[in-house]
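Residue numbers (full-length UniProt numbering): 1 to 281.
In this text, a Cβ means the ideal position worked out from N, Cα and C, and glycines have one as well.
For clarity, every value in this text was computed on a predicted model and none was experimentally measured.
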């Protein structure tokens, strides 16, 4: 018998991943909704065949997509779980979630660690595991989902932690990872430009892992020259946080994510900032 939870999945051209994601939650959850943003492959057909209800919204940014999913889709359950199409819920995670759903009181949201698989290797080091993300929450308690990229769900009331992870395992070739992060650069740069000079969080108020990372990003990272950041970040991840223990796949990932991706963001940010300054003249 399905448990009283709705699973929300955002998609665009996720045919290689979606069936595995759906098979982990369809039949377990009371409802599984896919919010698609214009797939041109078999994503929609696979979603319908896999037991999900499909909705459409043109994509502008991730926060807007998630806000729309929560506010506009016909969700009938109090509890909601967000998954990406290249993620899936393990049996252990579902077992850990089920007792929570029957509680009238208690936490309004739960942080869940994610287990990241890259080139068939679990990336355990480099500060990557465990990283906790708020994915399970009461719909009525959501305050906002903000930021165009690395969007964050905020709920009223208290939050808790689940120790069992969900798994991120993208079955597309690694080429698609690079193409995706090239697209992500525009959202990261927009966030940097938006928050230039804004320091919104005090360390005393940083109660969660997410808040502490945000404080470091605002109060420490933001004061480091942007072209220096990729070098420092890769060294921190790969050496200090022992990313080298993740083997060859780990080197490719940490170098690509901590250095190449950050360098692209820095270069585009400098260019956009210069263009804005020239436009004001």
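Between the region 123-132 and the region 54-63 there are fewer than three C-beta pairs closer than 8 Å, too few to call the two in contact. In this structure, the straight-line span from the alpha carbon of residue 9 to that of residue 33 is close to 6 Å. Pairing residue 39 with residue 49, the inter-Cα distance amounts to about 15 Å. Taking a C-beta distance under 8 Å as the contact criterion, residue 254 and residue 236 do not qualify as a contact pair.
Every beta strand (DSSP E) of 3 residues or more that sits fully in the region 111-177 is shown, in chain order, as 132-138, 142-146, 152-155, 159-161, 166-169.
Within the same chain, 136, 160, 162 come within 6 Å of residue 110 by CB-CB distance, once the 5 residues on both sides are set aside. Per the coordinates, the alpha-carbon of residue 170 lies some 18 Å from the alpha-carbon of residue 44. Apart from the 5 residues on each side of it in sequence, residue 246 sits with its Cβ closer than 6 Å to the Cβ of 123, 125 in its chain, given in chain order. The beta carbon of residue 59 sits closer than 8 Å to those of 12, 37, 38, 65, all from its chain and outside the five residues before and after it, given in chain order. For residue 89, there is no enclosing alpha helix (DSSP H); the residue is found in the beta strand (DSSP E) stretching over 87-89. Take the alpha-carbon of residue 119 and the one of residue 4: they are about 35 Å apart.
Per DSSP, the continuous alpha helix (DSSP H) segment holding residue 18 begins and ends at 15-23. The same chain holds no residue with a CB closer than 6 Å to that of residue 179 once the five nearest residues on each side in sequence are set aside. Secondary structure of residue 95 (DSSP, three-state): helix. Taking the C-beta atoms as reference points, residue 166 is found no nearer than 8 Å to residue 272. Following the DSSP letters along the chain, one finds residue 46 inside the alpha helix (DSSP H) bounded by residues 43-49. Looking at the backbone, the Cα of residue 230 and that of residue 264 are separated by about 9 Å.
Annotation: residue 257 is outside any alpha helix (DSSP H) and is labelled neither H nor E by DSSP. Note on residue 142: 16 or more other CB atoms within 10 angstroms of its CB, so buried under the neighbour-count rule.
Where residue 232 is concerned, the enclosing alpha helix (DSSP H) starts and stops at 229-235. DSSP places residue 56 within a strand segment (E or B) once states are collapsed to three. In the three-state DSSP reduction, residue 10 falls in the strand class (E or B).
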